[in-house]
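Colleague:
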Amino acid sequence: MGKRIILHGVCYEGVVPPMSMTGTEDLSKTVNELLDSPGGVLLLDIKTHLRKRFRLLAFIFGAVFVACFPLTSTFISWLIAEHRLPADVNIIVITPVEFILLQVKLAAYCAAFAVVSIMMVEGAWRGSKNPALTMRLAELKASAPKPTRASVGTLIAIIVLGGLGISYAWNLLTPMLLEYLTNDAQSAGLSTEWRLSSYVGFIANLAVASAVGFQAPVATLLVLRLKVVSREDVRGYRRHIWFTAFVLGAFLSPPDPLSLFLVAMPVIILFEVALVVDAITRRNTD
4 MGKRIILHGV CYEGVVPPMS MTGTEDLSKT VNELLDSPGG VLLLDIKTHL RKRFRLLAFI
64 FGAVFVACFP LTSTFISWLI AEHRLPADVN IIVITPVEFI LLQVKLAAYC AAFAVVSIMM
124 VEGAWRGSKN PALTMRLAEL KASAPKPTRA SVGTLIAIIV LGGLGISYAW NLLTPMLLEY
184 LTNDAQSAGL STEWRLSSYV GFIANLAVAS AVGFQAPVAT LLVLRLKVVS REDVRGYRRH
244 IWFTAFVLGA FLSPPDPLSL FLVAMPVIIL FEVALVVDAI TRRNTD
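Residue numbers (the numbering used here): 4 to 289.
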């Protein structure tokens with residue numbers, strides 16, 4: 004006699020039960036359970052909201068793009084002004100469409116930034132009133148963050164430090180690196196003609212890297228205050244943090260000690276300042 008198997012109330016004798024059908028049913032059941040959970044409901048709410056807002060967001064993107072596109076020409080002209088370039092440096096384009104493509108890219112970045120900013124603000128405002136998010140946070144035994152003096156101060160610090168980083172990159176780091184690269188190329192008997200898109204990208208990368216690097220004190224204080232790691236652990240890994248800063252500086256700067264120092268040291272100094280601020284504020288609290 005064949006082996007008798009009873010599955011879901013059906014008797015199978017001498018045959019293999021339809022496991023593929025059972026697996027499909029189980030998968031469908033699992034997916035439905037996930038969609039019915041607070042997290043699944045939240046995802047569906049986000050999907051529905053984005054569908055409703057798609058036309059509005061597309062209109063905002065297009066409007067900002069159209070408004071910014073004519074300004075990109077003025078911005079590029081300002082960026083490549085003769086007094087901002089090292090001596091004997093020429094900015095060139097190597098394809099007929101390079102200049103207009105750069106304009107399109109800059110305008111698209113501005114439009115994307117506007118759309119993302121609106122989505123973040125609206126998401127924060129609507130999220131605080133969304134019942135699915137409230138249920139999901141309750142499952143995680145967490146609560147939605149509320150505006151406090153600390154959170155507002157953190158946001159202000161991020162903006163101020165980002166601005167200081169961009170200012171540092173523009174007023175000190177970029178002129179120094181461009182001068183070094185120009186002298187290095189000219190000493191080798193090379194003509195210094197830089198491609199427009201590469202020149203703009205080089206400046207933008209330095210500005211973004213500096214803005215991110217100047218967030219070191221905010222990141223350090225948040226990690227310590229949220230107790231992600233202890234102060235003793237951070238101090239124990241101080242050498243590793245310093246080494247990482249110099250490695251990143253080596254990627255962002257020419258291979259000379261001065262450039263490496265100017266790129267890495269602000270991050271290290273701000274990191275050490277954050278440790279001092281944390282120690283002082285903890286002492287006052289205690």
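Beta carbons: idealized from backbone N, C-alpha and C, even for Gly.
Do you know whose CA, among 75, 197, 90, 102, lies nearest residue 3's CA?
Modeller: This structure gives no information on residue 3, because the portion of the chain shown stretches from 4 to 289.
Colleague: Please report the straight-line C-alpha distance between residue 47 and residue 54, rounded to a whole angstrom.
Modeller: If I take the Cα positions, the gap works out to 11 Å.
Colleague: Could you tell me if residue 217 is buried or exposed, where buried requires 16 or more neighbouring beta carbons within 10 angstroms of its beta carbon?
Modeller: Result: buried.
Colleague: Going by alpha carbons, who is nearest to residue 182 out of 161, 248, 90?
Modeller: Among 161, 248, 90, the Cα nearest to that of residue 182 is on 90.
Colleague: Sorted by chain position, which residues of the same chain lie with C-beta nearer than 7 Å to residue 249's C-beta, five sequence neighbours on each side aside?
Modeller: Excluding positions up to five away in sequence, the list reads 263, 267.
Colleague: Thinking C-alpha only, which one of 73, 165, 58 is nearest residue 219?
Modeller: Per the Cα distances, 165.
Colleague: Output the distance between the C-alpha atoms of residue 157 and residue 225, rounded to the nearest integer angstrom.
Modeller: Roughly 9 Å between the two C-alpha positions.
Colleague: For residue 126, is the classification buried or exposed, using 16 other Cβ atoms within 10 angstroms of its Cβ as the cut-off for buried?
Modeller: Per the 10 Å Cβ criterion, exposed.
Colleague: Cβ atoms of residue 199 and residue 103: under 8 Å apart, would you say?
Modeller: No, these two residues do not count as a Cβ contact at 8 Å.
Colleague: Span of the alpha helix (DSSP H) holding residue 228?
Modeller: Run containing residue 228: 219-228, per the alpha helix (DSSP H) assignment.
Colleague: Compute the Euclidean distance between the alpha carbons of residue 229 and residue 84, then round it to the nearest angstrom.
Modeller: Roughly 46 Å between the two C-alpha positions.
Colleague: Could you name the residues of the same chain whose beta carbon sits closer than 7 Å to that of residue 172, not counting the 5 residues immediately before and after it, in chain order?
Modeller: Once the five neighbours on either side are set aside, the close Cβ partners of residue 172 are 209, 210, 213.
Colleague: Return helix, strand or coil for residue 92, following the three-state DSSP convention.
Modeller: Strand.
Colleague: Does the separation of the CB atoms of residue 274 and residue 223 fall below 8 Å?
Modeller: The answer is yes: Cβ separation under 8 Å.
Colleague: Flag this pair as yes or no: are the beta carbons of residue 60 and residue 155 separated by less than 8 Å?
Modeller: Going by C-beta atoms, residue 60 is not nearer than 8 Å to residue 155.
Colleague: Please name the residue or residues paired with residue 195 in a DSSP beta bridge.
Modeller: Bridge partners of residue 195: 92.
Colleague: Relative to the C-alpha of residue 66, which residue among 82, 111, 52, 97 is closest?
Modeller: Residue 66 has its Cα closest to that of 111, out of 82, 111, 52, 97.
Colleague: Are the beta-carbon atoms belonging to residue 247 and residue 206 less than 8 Å from one another?
Modeller: No, the pair does not count as a contact, with Cβ atoms beyond the cut-off.
Colleague: Quick one: is residue 227 buried, meaning 16 or more other Cβ sit within 10 Å of its Cβ, or exposed?
Modeller: It counts as buried.
Colleague: Specify the secondary structure class of residue 240 as computed by DSSP and reduced to three states.
Modeller: It is coil, neither helix nor strand.
Colleague: Grab the span of the alpha helix (DSSP H) containing residue 162 for me, first residue to last.
Modeller: Looking at the DSSP string, the run of the alpha helix (DSSP H) that includes residue 162 is 152-171.
Colleague: Determine the closest residue to residue 265 out of 121, 64, 68, 174, with distance taken between C-alpha atoms.
Modeller: Comparing Cα positions, the closest option is 174.
Colleague: Note down the Cα distance separating residue 242 from residue 272, rounded to an integer number of angstroms.
Modeller: Roughly 13 Å between the two C-alpha positions.
Colleague: Assuming residue 161 and residue 221 are in contact, meaning their beta carbons sit under 8 Å apart, how far apart are those beta carbons, in whole angstroms?
Modeller: With a Cβ gap of about 6 Å, residue 161 and residue 221 count as contacting.
Colleague: Distance check for residue 232 and residue 98, CA to CA, integer angstroms please.
Modeller: Each residue's alpha carbon lies about 51 Å from the other.
Colleague: Quick one, are the C-beta atoms of residue 121 and residue 49 less than 8 Å apart?
Modeller: Their beta carbons are not under 8 Å apart, which means residue 121 does not touch residue 49 by this criterion.
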